[in-house]
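Everything below concerns the one structure shown next.
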Amino acid sequence: MDNLMYEKKNAYEVLASDELEKAKVFCEGYKQFLDYARTELYASEYAQKEAAARGYEPFEFGKKYSAGDKVYFTRSGKACVFVHVGEEGLEAGFNIAAAHIDCPRLDIKCNPLYEDGSLAYLDTHYYGGIVKYQWLTIPLMLCGAVYTRDGSKIDVRIGEDEGDPVFCITDLLPHLGKDIQSKTVDRAFNGEALNVLIGSAPDGEADKDKTKTAVMKILHTKYGITERDFQTAELSAVPAQKARDLGVDRSMILAFGQDDRSCAYPAFTALMDKKKVSKTAVCVLADREEVGSMGITGLRSSFMYDMLTDMCLSAGCNPRKAFGSSSALSADVSAAYDPAFAEVYELKNSAKLNCGPAICKFTGARGKSGSSEAGAEFMARLLADFDQNGVMYQLAELGKVDQGGGGTVAQFLTDRNIETVDIGVPILSMHAPYEAASKTDIYMLRRACDVFFA
Ligand code: MN
Ligand code: MN
Numbered sequence: 118m119d120n121l122m123y124e125k126k127n128a129y130e131v132l133a134s135d136e137l138e139k140a141k142v143f144c145e146g147y148k149q150f151l152d153y154a155r156t157e158l159y160a161s162e163y164a165q166k167e168a169a170a171r172g173y174e175p176f177e178f179g180k181k182y183s184a185g186d187k188v189y190f191t192r193s194g195k196a197c198v199f200v201h202v203g204e205e206g207l208e209a210g211f212n213i214a215a216a217h218i219d220c221p222r223l224d225i226k227c228n229p230l231y232e233d234g235s236l237a238y239l240d241t242h243y244y245g246g247i248v249k250y251q252w253l254t255i256p257l258m259l260c261g262a263v264y265t266r267d268g269s270k271i272d273v274r275i276g277e278d279e280g281d282p283v284f285c286i287t288d289l290l291p292h293l294g295k296d297i298q299s300k301t302v303d304r305a306f307n308g309e310a311l312n313v314l315i316g317s318a319p320d321g322e323a324d325k326d327k328t329k330t331a332v333m334k335i336l337h338t339k340y341g342i343t344e345r346d347f348q349t350a351e352l353s354a355v356p357a358q359k360a361r362d363l364g365v366d367r368s369m370i371l372a373f374g375q376d377d378r379s380c381a382y383p384a385f386t387a388l389m390d391k392k393k394v395s396k397t398a399v400c401v402l403a404d405r406e407e408v409g410s411m412g413i414t415g416l417r418s419s420f421m422y423d424m425l426t427d428m429c430l431s432a433g434c435n436p437r438k439a440f441g442s443s444s445a446l447s448a449d450v451s452a453a454y455d456p457a458f459a460e461v462y463e464l465k466n467s468a469k470l471n472c473g474p475a476i477c478k479f480t481g482a483r484g485k486s487g488s489s490e491a492g493a494e495f496m497a498r499l500l501a502d503f504d505q506n507g508v509m510y511q512l513a514e515l516g517k518v519d520q521g522g523g524g525t526v527a528q529f530l531t532d533r534n535i536e537t538v539d540i541g542v543p544i545l546s547m548h549a550p551y552e553a554a555s556k557t558d559i560y561m562l563r564r565a566c567d568v569f570f571a
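Heads up, the sequence shown stops at 571 in the working numbering, and the numbers go up one at a time, no gaps.
This is the structure:
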């Protein structure tokens with residue numbers, strides 16, 4: 118009997134060379150997206166521009182939309198929803214691909230600038246689950262926006278171009294590390310000590326805080342801001358290096374923010390390239406996932422549901438019926454099996470690089486706590502579609518049962534009575550300043566989204 122046994126396949130063993138080539142080409146665009154979209158502000162700006170160029174129009178409440186219409190909605194410039202109305206009408210339900218565009222990073226505090234030992238620093242408050250020591254000594258860039266009280270927005274990006282200065286958090290020399298090296302990792306590094314060095318040259322004319330004054334003068338000259346403007350800024354320190362190919366075979370990508378932009382890019386581009394859809398296709402790029410999705414731009418907020426509900430009502434459809442008939446891919450990364458830490462993985466249920474996006478029936482921790490779970494019947498329909506269209510995928514869990522866990526936006530979609538399953542690119546060194554992912558997996562997620570948006 119054929120196919121009696123199941124064996125996970127590697128893309129390099131089964132894909133034709135032209136398809137492997139397509140994966141490489143697709144990832145060139147992906148790397149450009151990563152380099153620009155360092156925070157959710159820039160990711161959503163990028164997506165809105167691309168959508169507008171493809172005929173998507175700003176959503177209007179109360180307007181009746183019909184088959185073929187393409188609209189987008191942005192919440193506070195950080196989360197966006199893109200909708201392509203399907204031939205079957207809104208009541209047939211939505212096919213929703215949800216990815217997040219925020220990443221673990223160091224946010225600049227509201228009163229950040231200070232001087233110590235004649236050096237000037239910006240004080241930070243980390244965002245999301247970072248491993249603190251990984252952020253020391255690496256080149257950082259500053260990016261984000263300052264909103265001044267006169268109503269203007271000033272974009273700040275320093276440190277990404279070759280000629281730009283960069284910033285860093287210093288670390289202790291090993292020669293003086295006797296005390297710190299005897300501490301456990303969680304005690305040796307504390308969040309309050311993550312201070313970004315931004316200047317050392319004092320201003321001779323200042324009475325006190327000479328280096329801080331000199332730094333503020335430079336920022337004022339370049340951006341027109343004063344120290345008080347930090348109160349209304351959203352600035353982050355993120356890794357400065359651009360996305361690079363990883364490995365002599367160039368099969369992988371090493372870059373900041375692949376959780377979750379390695380899923381956001383395939384989901385978004387799949388929708389953008391659709392000429393026609395039978396079921397209404399939705400791509401939401403959400404913010405705040407790394408801190409639990411709370412907040413107005415997170416998927417616990419009603420921004421997407423309000424938009425879709427309004428579309429239904431304006432078209433004379435029942436939104437409850439539409440949501441109940443919808444399906445969603447919670448497109449978020451998974452942990453890739455790492456041989457260096459084999460003890461935390463259960464190999465046969467771990468995602469391996471180059472075996473396609475990982476489908477997680479549930480996330481959560483311990484006894485499946487804190488997560489939704491996709492129904493097997495729903496999954497059977499989805500996987501049949503993937504199989505028929507040559508989409509590679511693998512079924513996976515994050516790690517060993519009692520080892521830890523994590524969550525995604527899936528549970529917030531199921532809260533709205535939308536059938537949801539997690540699918541995403543397997544990542545090595547997740548949440549590190551530079552995360553690694555394989556090109557074929559990113560490309561296969563794109564193929565999966567192409568099939569999903571039918
Ligand atoms: Mn994620
Ligand atoms: Mn994450």
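For every residue, glycine included, the Cβ atom is placed at its ideal position computed from N, Cα and C.
- Residue V355 holds the alpha-carbon nearest to the alpha-carbon of E277 among V355, R171 and W252.
- Within the model, the alpha-carbon separation for L430 versus A381 is close to 28 Å.
- Going by C-alpha positions, M428 is about 23 Å away from H217.
- A residue is called buried when at least 16 other Cβ atoms come within 10 angstroms of its Cβ; Q165 meets this threshold and is buried.
- Between P229 and D240, the CB-CB gap stays under 8 Å.
- Counting only residues of its own chain and dropping the five nearest sequence neighbours on each side, K438 has a CB closer than 7 Å to the CB of E208.
- For R222, the beta-bridge partners assigned by DSSP are Y244.
- For C285, no beta strand (DSSP E) segment is defined, and its DSSP state is neither H nor E.
- Note on geometry: alpha-carbon atoms of F150 and Y159 lie some 10 Å from one another.
- Runs of the beta strand (DSSP E) lying entirely within the stretch 252-317 and spanning at least 3 residues, in chain order: 257-264, 270-275 and 312-316.
- DSSP, reduced to helix, strand and coil, places T386 within a helical segment of the structure shown.
- DSSP places N435 in the coil class of the three-state scheme, outside both helix and strand.
- Relative to ligand 2, D376 has its C-beta within less than 7 Å of a heavy atom.
- Per DSSP, F176 lies in no alpha helix (DSSP H) and is assigned neither H nor E.
- Here DSSP, grouped into helix, strand and coil, assigns F440 to helix.
- V568 and V518 do not touch by the CB rule: their CB atoms are close to 31 Å apart, not below 8 Å.
- DSSP, read as helix, strand or coil, puts E138 in helix.
- Looking only at D119, A452 and K249, the smallest Cα-Cα distance to C477 is reached by A452.
- Here K393 is exposed: its Cβ has fewer than 16 other Cβ atoms, across all protein chains shown, within 10 Å.
- In this structure Q298 is exposed. Its beta-carbon is surrounded by fewer than 16 other beta-carbon atoms within 10 angstroms.
- If you keep only unbroken alpha helix (DSSP H) runs of at least 4 residues inside the stretch 333-390, you get 375-389.
- Positions of the alpha helix (DSSP H) runs, each at least 4 residues long and wholly inside the stretch 497-549, are given as 527-531 in order along the chain.
- Going by DSSP, S161 is part of no beta strand (DSSP E) but of the alpha helix (DSSP H) stretching over E157 to A170.
- Set against 7 Å, the gap from the CB of E514 to the closest heavy atom of ligand 1 is not smaller.
- Of the candidates L236, F190, T265 and S269, L236 places its Cα closest to the Cα of F284.
- The alpha-carbon of Y163 is positioned some 21 Å away from that of G541.
- If you check the CB distance, E536 and S467 do not come in under 8 Å.
- In the three-state DSSP reduction, N466 falls in the helix class (H, G or I).
- In the DSSP assignment, F190 falls within the beta strand (DSSP E) that extends over K187 to R192.
- Residue burial is scored here from C-beta neighbours: K556 has at least 16 other C-beta atoms within 10 angstroms and is therefore classed as buried.
- Counted as a single uninterrupted DSSP element, the alpha helix (DSSP H) harbouring L562 occupies residues K556 to F569.
- Listed as beta-bridge partners of S486 by DSSP are A482.
- For the set S488, G481, R155 and Y454, the Cα lying nearest the Cα of A475 is the one of Y454.
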